[in-house]
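A.B. asks: Let me give you the structure first, and then I'll get to my questions.
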Amino acid sequence: GAGVSQSPSNKVTEKGKDVELRCDPISGHTALYWYRQRLGQGLEFLIYFQGNSAPDKSGLPSDRFSAERTGESVSTLTIQRTQQEDSAVYLCASSLTRGKYQPQHFGDGTRLSIL
Amino acid sequence: SQKIEQNSEALNIQEGKTATLTCNYTNYSPAYLQWYRQDPGRGPVFLLLIRENEKEKRKERLKVTFDTTLKQSLFHITASQPADSATYLCALDFNTGKLIFGQGTTLQVKP
Chain A
-18 GAGVSQSPSN KVTEKGKDVE LRCDPISGHT ALYWYRQRLG QGLEFLIYFQ GNSAPDKSGL
42 PSDRFSAERT GESVSTLTIQ RTQQEDSAVY LCASSLTRGK YQPQHFGDGT RLSIL
Chain B
-17 SQKIEQNSEA LNIQEGKTAT LTCNYTNYSP AYLQWYRQDP GRGPVFLLLI RENEKEKRKE
43 RLKVTFDTTL KQSLFHITAS QPADSATYLC ALDFNTGKLI FGQGTTLQVK P
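As you go down the protein sequences, you meet chains A and B in turn. Going letter by letter, the first sequence gives residues -18 to 96 in my numbering. Going letter by letter, the second sequence gives residues -17 to 93 in my numbering.
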């Protein structure tokens, strides 16, 4: 597709359940980022992937969070044993490379609500 | 740690006026700075990038300035229109390869 695609757009689940969020980056973009945005807040970096390099996981808030990416394509963000504080919009972005001065192209996010 | 501050209060202006949004940071100067626009329920959209050695950048009705002495970037929209109403985010890279985002300022342009 022309832009970054995320699914599902909305997810409501019970506390304690696992969730999996998906991101399809722009074709040809080697860098992929995941962010979390709480209501009325800025974006909080979670993890990024660059080609076949080891991902930078420094922003993951706990070991309940993990992410995978196959090559330079789809990425999934998994949250295990969800807690209410995990409720937020999860945004994915891609860029042509990870180099300096690269703008990031965002999807419209997955709005996650934990009951 | 680095802190980025944007006005948390919404900015309300009249159509046709110039909107000016502020982004302040502490400690070290970033390698570059980006501005994004975010509409409700949508992801941010890239607008402009300014590098550490640049003082000003323009794109159509948009202008960004970067003052490393004041540790501040200003984002201007001239001849503002109601369609410019949105939240504007600044994002900085402090030579880590990762962007740190401000919390955003909401702009409301009234006809």
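Just so you know, even glycine gets a beta-carbon here, dropped at the ideal spot from N, CA and C.
Out of PHE76(B), LYS92(B), LYS41(B), CYS72(B), which has the shortest C-alpha to C-alpha gap to GLY86(B)?
C.D. replies: CYS72(B)
A.B. asks: I'd like the list of long-range same chain contacts for GLU1(A), defined as Cβ closer than 7 Å, with 5 residues on each side in sequence excluded.
C.D. replies: THR57, THR59
A.B. asks: To the nearest angstrom, how far is it from the Cα of GLN83(A) to the Cα of ARG43(B)?
C.D. replies: 22 Å
A.B. asks: What residues from chain A crowd round PHE28(B), counting only those whose CB sits closer than 8 Å?
C.D. replies: PRO84, GLN85, HIS86
A.B. asks: Alpha carbon to alpha carbon, what distance is there between GLN54(B) and LYS100(B)?
C.D. replies: With chain B covering only -17 through 93, there is no way to say anything about residue 100(B).
A.B. asks: Rounded to whole angstroms, what's the CA-CA distance from PHE28(B) to LEU15(B)? Just pull it up for me.
C.D. replies: 11 Å
A.B. asks: Need the endpoints of the beta strand (DSSP E) that GLN68(B) sits in, please.
C.D. replies: It should be pointed out that residue 68(B) corresponds to Ala in this sequence rather than to Gln. Counting along the chain, the beta strand (DSSP E) containing ALA68(B) begins and ends at 68 to 75.
A.B. asks: Check distances from the C-beta atoms of the region 7 to 18 of chain A to those of chain B and list, in chain order, the residues that come in under 7 Å.
C.D. replies: none
A.B. asks: Alpha carbon to alpha carbon, what distance is there between ASP67(A) and THR(-6)(A)?
C.D. replies: 11 Å
A.B. asks: Measure how close the beta-carbons of THR11(A) and GLU53(A) come, nearest whole angstrom, since I'm counting them as under 8 Å.
C.D. replies: Right, the Cβ-Cβ distance comes to about 5 Å (below 8 Å), so this counts as a contact.
A.B. asks: I need the boundaries of the beta strand (DSSP E) containing ILE7(A), first residue and last residue.
C.D. replies: Where ILE7(A) is concerned, there is no enclosing beta strand (DSSP E), given that its DSSP letter is neither H nor E.
A.B. asks: Cβ closer than 9 Å: which chain A residues qualify as neighbours of ARG24(B)?
C.D. replies: PHE87, ASP89, GLY90
A.B. asks: Are the CB atoms of ARG3(A) and GLN(-13)(A) within a distance shorter than 8 Å?
C.D. replies: yes
A.B. asks: Indicate the three-state DSSP secondary structure (helix, strand or coil) for GLU25(A) in the structure shown.
C.D. replies: strand
A.B. asks: Go through its chain and collect everything with a Cβ distance to LYS(-2)(A)'s Cβ below 7 Å, but skip five positions before and after it.
C.D. replies: THR63
A.B. asks: Buried or exposed: which applies to TYR18(B), given that a residue is buried once 16 or more other Cβ atoms fall within 10 Å of its Cβ?
C.D. replies: buried
A.B. asks: Assign ALA(-17)(A) to one of two classes, buried (16 or more other C-beta atoms within 10 Å of its C-beta) or exposed (fewer than that).
C.D. replies: exposed
A.B. asks: Which bits of chain A does ARG33(B) rub up against, with CB to CB less than 9 Å?
C.D. replies: LYS81, TYR82
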